[in-house]
Amino acid sequence: MRRRTLIVIVVLAALLIAADVVARRATEAGVARELARSVQMGSSPQVSIAGIPFIPHLVAGRFPEVTIDARDVRQGGVTLTRVHAVLRSVRAPAWSLARGHGGTVTADSGTGTATISAADAGSLLRAKGIDGDVTFSGGQAHVHIPAVGLTVTLGIDVGPRSLVLRAPGLPGSVSFDLPTPITGLRYTGARVVGDALVLAFAMEHPSFTVSG
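The numbering used here runs 529 ahead of the 1-based position in the sequence shown.
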């Protein structure tokens, strides 16, 4: 009798675990699908939702952490080739989102990074009337101006919502508005990594609305 009871308990536990895994995967896929519809990006993002067991978090609509990885996020003529965002203490109608009904996702805080390629940075400069080719290498940004055969190393600064490029020793600077696909996002730093510019950002009470 005890053995039969133990088998029943094990089977029930396995079924609950399987249901928890299926619910998590279905919710992550649904949120990713609806997020891709609401934010202009090249492909569906990868969404990872924390919380074990998952189903109680799903029912409550509260999750300790949600991680979003997206590619080619476009806004205002600027493309972020990669975006990695981690939202903490998240409140979301995940059940509604998973079924395609939309809703608003909010969080207490978050951090992340966004990447701009050299080609996109060059396009931004040309949009400002500067005919130059941008390269990122050796931890620095450079712009080559073919008309005068000159290559200049650029200084890089960021504001809460902007990227600023300046040539040391020369007056003036060029500023670009950066995408803020999530309300509450502000940029905090920038550094050249390999052949790309990586922007760091923080989020205070971030939120975004997913259309149904």
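We put the beta carbon where it would ideally sit given N, CA and C, even for glycine.
Item	Value
Contacts around residue 714, its chain only, beta-carbon distance under 7 Å, and the 5 residues preceding and following it disregarded	730, 732, 735
Range covered by the alpha helix (DSSP H) that runs through residue 652	647-656
Length of the line joining the Cα atoms of residue 686 and residue 586	40 Å
Sheet register partners of residue 683 (DSSP bridge)	670
Beta-bridge pairing of residue 570 - partner residues as DSSP gives them	Its beta-bridge partners do not exist; DSSP assigns none.
Whether residue 632 touches residue 621 by CB criterion (8 Å)	yes
Separation of residue 568 from residue 542, as counted between CA atoms	Here the model assigns residue 542 a pLDDT of 49, short of 50, so the residue's position is not dependable and the matter cannot be decided.
Coarse secondary structure for residue 590, derived from DSSP in three states	coil
contact_flag[the region 612-619, the region 587-604] where n(CB pairs < 8 Å) is 3 or more	yes
Neighbourhood of residue 654 by C-beta, 6 Å cutoff - its chain only, sequence neighbours within 5 removed	661
Extent of the continuous beta strand (DSSP E) to which residue 735 belongs	725-739
Helix, strand or coil at residue 722 according to DSSP, with G and I counted as helix	strand
Presumed contact (8 Å Cβ cut-off) between residue 665 and residue 726, rounded CB distance	6 Å
Best match in 737, 692, 696, 723 for proximity to residue 717 [C-alpha to C-alpha]	692
Residues bridged to residue 623 [DSSP beta-bridge criterion]	DSSP, once it has assigned bridges, lists no residue as partnering residue 623.
Whole-Å CB distance - residue 696 paired with residue 681, under 8 Å assumed	5 Å
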